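Working notes for the structure below.
There are 2 protein chains.
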Amino acid sequence: VQVGAAVGDYAVTVGRGLLKSLPTVLQAVAPGRRVALISDSNVGALHGGAAVDTLAEAGIGVRAYDFPAGEASKTRRTWSILTDRLLDDGFGRDTCVVALGGGVTTDLAGFVAATFLRGVPVVQVPTSALAMIDASVGGKTGVDVRAGKNLVGAFHAPRAVIADVEVLATLPRAERAQGLVEALKHGAILDEGHFALVDDLADRLLDGDADAFARVVLASVEIKAGVVQRDEFEGGLRQILNFGHTLGHALEAASSYRLPHGSAVAAGMVGEARMGEALGVTASGTAERLEGALRRLVGDVRAPVDPREARGYLAADKKAVGGRPRYVLLEGIGRTAGSEGWAREVPEDVVEAALASVTRGPEPAGA
Amino acid sequence: VQVGAAVGDYAVTVGRGLLKSLPTVLQAVAPGRRVALISDSNVGALHGGAAVDTLAEAGIGVRAYDFPAGEASKTRRTWSILTDRLLDDGFGRDTCVVALGGGVTTDLAGFVAATFLRGVPVVQVPTSALAMIDASVGGKTGVDVRAGKNLVGAFHAPRAVIADVEVLATLPRAERAQGLVEALKHGAILDEGHFALVDDLADRLLDGDADAFARVVLASVEIKAGVVQRDEFEGGLRQILNFGHTLGHALEAASSYRLPHGSAVAAGMVGEARMGEALGVTASGTAERLEGALRRLVGDVRAPVDPREARGYLAADKKAVGGRPRYVLLEGIGRTAGSEGWAREVPEDVVEAALASVTRGPEPAGA
């Protein structure tokens, strides 16, 4: 299975065993360029050697770089170190960065490419479910800073995206579940059929079934690509991709980022659906249906976080306008409410009730 | 006098007393945005207070930031500090950065804007002759790193450029001369009339005559804008703007950046013209005419640098292809040779002879 979706000027290819096609893709989209292959220490150890060998056999100059795995590496410091290593090794304008890894790697290596000699091409090779489903489309790159996640970065569209769903089988089940939350979100905002597909295939997807993943990743990529193409730089429609994310980001921050992104967004989606129901915008029963599907993926959707602490982070949301956070509200599964703009303010008491319903207080210390 | 040139989607306005028009420009190109005004410690002290007052009187929210004056501040570290200060002060997506200063400020503040929350608008207010003539057009932003100048950055077009030629009168004569070297370059590569104009007006320009500067800055902006519009990201024609810069950058580096950019480019232009003459590409007499005009601006064009050291830096030029530096050659004043591409390799012995002719050995220690 190998299928592609065109996203503006680049193609996202989804299929099995695609890592082997990397030289062919590079020769097509970045001919004659030296490759700086960037991955984290885990993915580098698993797939880096094979990728280097494949490229070298095809006569493509390549050098591999890695950095310690984990969100803690997604910093300006790691970005600086990688940039300096490439410069020290003589990489110039004829560089193509290949980002091989999960979301931390695709964001970080993408930002290296975006700013290296004012921008060199990048080919994204996402290896986590979340990166395939979400981060691979849209051209967002960046790093975390003291004040929050992803606050420094650039839009830098890749030359190509290669999603080899076979590598997902090697991931822990919980990590696949995290990525699938975003697939459910794509269905929830725009496509009830996709929502139902992810829900139907949940068991096979959680088991890492490559064919099920190829279907879901491709459909999610097509949904997201449709949105991004209509709004590349996030002024309008693209905001709907933030469904679940205003609450979700606040929950993540309140957990000091111990709560994984997918779990936080799962709680956020349910909470924001409850807000919509309370306001009469969202059809009643929507939150319950969302919660059922999400529970199959990540278990109890309630976040182990103090709701008062999460409220403090809502005001600091980077999408807030004039210090007031805004929320994307559904009409129902597959439909987003747009009559008052794609994101709107919500009364404090409604936010408070929703937050209370999707939190269960902090884990006891040492738990 | 107030004149404008359209550069893609933004206007460059050149005239006298334009700092007062900043609120009007911002209301037109960045309505409703909070302003982060970035300047260095010198320019901030001279013009920052007035700019803040003008904006505040117009009801525009503004906060001023400065950093220590000098090229040594053009680093990822200063960029990080400025970014964090803006975030700490609650700047969000409704930010407009205003860069008020010379080339270091326009490059550095431009890079802050390019990467702040993945990009916010910037309005450039260049206050040095070099920044008005050269840096204001083209959207280049960036910082210096250990391996060289401007090696990290982004293309980020400003929303508007405001060049108030009256502020040039407060600069030292030598600094005006540095900027005028680039104006002569614009004439040399594309417009003999502009070259002659700068040469004719040299005395008035060096004295800081605002009307003379308005004419020259506008004409230079129009020449550069014409080139940049045809080649925004530097693949083709835009290379001709690098005339004098391959040798010039090597001379700058060999002087440990003690040699000012304009002086280095002056030597580079004469050297590259001599290379062209030696190869029979450039009309004979061109180097001499260039040298005469440049001498009126910066004095002796020969760089106080060891030519062997400069040669070492040529191989590391970021525009080098496969480790071999490339040069833009003139046909004559106002015409660039393009039959073999806009930049080409040149035999070692020709480079060596040219370098010898535009260097005069290092200054004695302690001089």
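Going line by line, the protein sequences match chains A and B.
For the first sequence, the working numbering assigns the number 1 to the initial residue and increments by one for each residue that follows.
For the second sequence, the working numbering assigns the number 1001 to the initial residue and increments by one for each residue that follows.
Even glycine gets a Cβ: it sits at the ideal position worked out from N, Cα and C.
The structure presented is a predicted model; accordingly, all values stated were derived computationally and were not measured.
(request) Indicate whether the contact test is met: 3 or more Cβ pairs, each with one atom in the region 1295 to 1314 of chain B and one in the region 1251 to 1271 of chain B, closer than 8 Å. (result) Yes, they touch.
(message) When you compare the CB of S1136 (chain B) with every CB in chain A, is at least one pair closer than 9 Å?
(response) So no, S1136 (chain B) is outside the interface.
(message) Taking a contact to mean a Cβ-Cβ separation below 9 Å, would you say H156 (chain A) touches A212 (chain A) in this structure?
(response) It is not a contact, given that the beta carbons lie outside the stated cut-off.
(message) Let me confirm a value: S421 (chain A) is counted as buried when at least 16 other C-beta atoms fall within 10 Å, else exposed. Which label applies?
(response) The structure shown does not extend to residue 421 (chain A), since chain A is modelled only from 1 to 367, so the question has no answer here.
(request) Report yes if the C-beta distance between V228 (chain A) and G138 (chain A) is below 9 Å; otherwise report no. (result) In this structure, G138 (chain A) lies closer than 9 Å to V228 (chain A) by Cβ.
(request) Kindly indicate the opening and closing residues of the beta strand (DSSP E) around V122 (chain A). (result) Looking at the DSSP string, the run of the beta strand (DSSP E) that includes V122 (chain A) is V122 to P126.
(message) Please classify T170 (chain A) as buried or exposed, where buried requires at least 16 neighbouring CB atoms within 10 angstroms.
(response) Exposed, since its Cβ has fewer than 16 Cβ neighbours within 10 Å.
(message) For L100 (chain A), would you say it is in contact with chain B, using Cβ-to-Cβ distances shorter than 9 Å as the test?
(response) No Cβ of chain B is located within less than 9 Å of the beta carbon of L100 (chain A).
(request) Report the neighbours of K1140 (chain B) on chain A: residues whose CB is nearer than 7 Å to its CB, in chain order. (result) Identification of chain A residues near K1140 (chain B) by a Cβ-Cβ cut-off of 7 Å yields R118, ordered along the chain.
(request) Just mark E1423 (chain B) as buried or exposed, buried being the case when its beta carbon has 16 or more other beta carbons within 10 Å. (result) Chain B is shown from 1001 up to 1367; residue 1423 (chain B) falls before or after that span and cannot be answered.
(request) Could you tell me whether any Cβ in chain B is nearer than 9 Å to the Cβ of R63 (chain A)? (result) Not one chain B Cβ lies under 9 Å of R63 (chain A).
(message) For G1142 (chain B) and A1050 (chain B), I'd like the C-alpha separation in whole angstroms.
(response) For G1142 (chain B) and A1050 (chain B), the distance between alpha carbons rounds to 27 Å.
(request) Would you be able to state if there are at least three C-beta pairs under 8 Å between the region 1098 to 1106 of chain B and the region 1117 to 1125 of chain B? (result) Contact holds: three or more Cβ-Cβ distances are below 8 Å.
(message) Quick check on the DSSP output: what are the complete alpha helix (DSSP H) runs of length 4 or more inside the region 1197 to 1244 of chain B, in order along the chain?
(response) You should have 1202 to 1206 and 1210 to 1230.
(message) As an exercise, report each continuous alpha helix (DSSP H) stretch of at least 4 residues that is fully enclosed by the region 153 to 195 of chain A, in chain order.
(response) Those alpha helix (DSSP H) runs which fall completely within the region 153 to 195 of chain A and span 4+ residues are 173 to 190.
(request) Tell whether a beta-carbon distance below 9 Å holds between T359 (chain A) and F243 (chain A). (result) Contact annotation: T359 (chain A) and F243 (chain A) have beta-carbon atoms that are not nearer than 9 Å.
(message) Cβ closer than 8 Å: which chain B residues qualify as neighbours of D84 (chain A)?
(response) Within chain B, the residues near D84 (chain A) are V1145, R1146 and A1147.
(request) Compare the C-beta of D9 (chain A) against all C-beta atoms of chain B and say whether one is closer than 9 Å. (result) No, D9 (chain A) does not count as interfacial toward chain B.
(message) Under 9 Å, Cβ to Cβ, is there at least one residue of chain B near L237 (chain A)?
(response) It does not; no Cβ of chain B falls within 9 Å.
(request) Tell me, please, whether the region 268 to 286 of chain A touches the region 347 to 357 of chain A by the rule of three or more beta-carbon pairs shorter than 8 Å. (result) Yes, the region 268 to 286 of chain A is in contact with the region 347 to 357 of chain A.
(request) List the endpoints of the continuous alpha helix (DSSP H) containing A293 (chain A). (result) Counting along the chain, the alpha helix (DSSP H) containing A293 (chain A) begins and ends at T286 to V298.
(message) With a threshold of 9 Å between beta carbons, is V1152 (chain B) in contact with chain A?
(response) Closer than 9 Å: yes.
(message) Considering only their Cβ atoms, is the gap separating R34 (chain A) from P121 (chain A) smaller than 9 Å?
(response) Going by C-beta atoms, P121 (chain A) is not nearer than 9 Å to R34 (chain A).
(message) Quick check: what's the CA-CA separation for Q1239 (chain B) versus A1343 (chain B)?
(response) Roughly 7 Å separates the two Cα atoms.
(message) Per DSSP, what are the beta-bridge partners of D1066 (chain B) in this structure?
(response) Among the bridge pairs identified by DSSP, D1066 (chain B) is matched with B:S1039.
(request) Using a Cβ-Cβ cut-off of 9 Å, state whether T115 (chain A) counts as contacting chain B. (result) Cβ-Cβ to chain B under 9 Å: yes for T115 (chain A).
(request) May I have the straight-line CA-CA distance separating Q1027 (chain B) from D1107 (chain B), to the nearest angstrom? (result) Going from the Cα of Q1027 (chain B) to the Cα of D1107 (chain B) covers about 23 Å.
(request) Please state whether DSSP places F1091 (chain B) in a helix, a strand or coil. (result) Coil, per DSSP.
(request) Pull up the CB-CB distance for L330 (chain A) and I189 (chain A), whole angstroms please, since I reckon it's below 8 Å. (result) Between L330 (chain A) and I189 (chain A) a beta carbon distance of about 7 Å is seen, short of the 8 Å cut, so the two are scored as contacting.
(request) State the DSSP-derived secondary structure class of D9 (chain A), mapped to helix, strand or coil. (result) It is coil, neither helix nor strand.
(message) In the DSSP assignment, the beta strand (DSSP E) including E1371 (chain B) goes from what residue to what residue?
(response) Nothing about residue 1371 (chain B) can be reported from this structure: the residues present for chain B run from 1001 to 1367 only.
(request) Compare the C-beta of F155 (chain A) against all C-beta atoms of chain B and say whether one is closer than 9 Å. (result) Chain B contact via Cβ: present.
(message) If you reduce the DSSP assignment to three classes, tell me which class R34 (chain A) lands in.
(response) Secondary structure of R34 (chain A) (DSSP, three-state): strand.
(request) May I have the straight-line CA-CA distance separating R1093 (chain B) from L1022 (chain B), to the nearest angstrom? (result) If you take the alpha carbons of R1093 (chain B) and L1022 (chain B), they lie about 20 Å apart.
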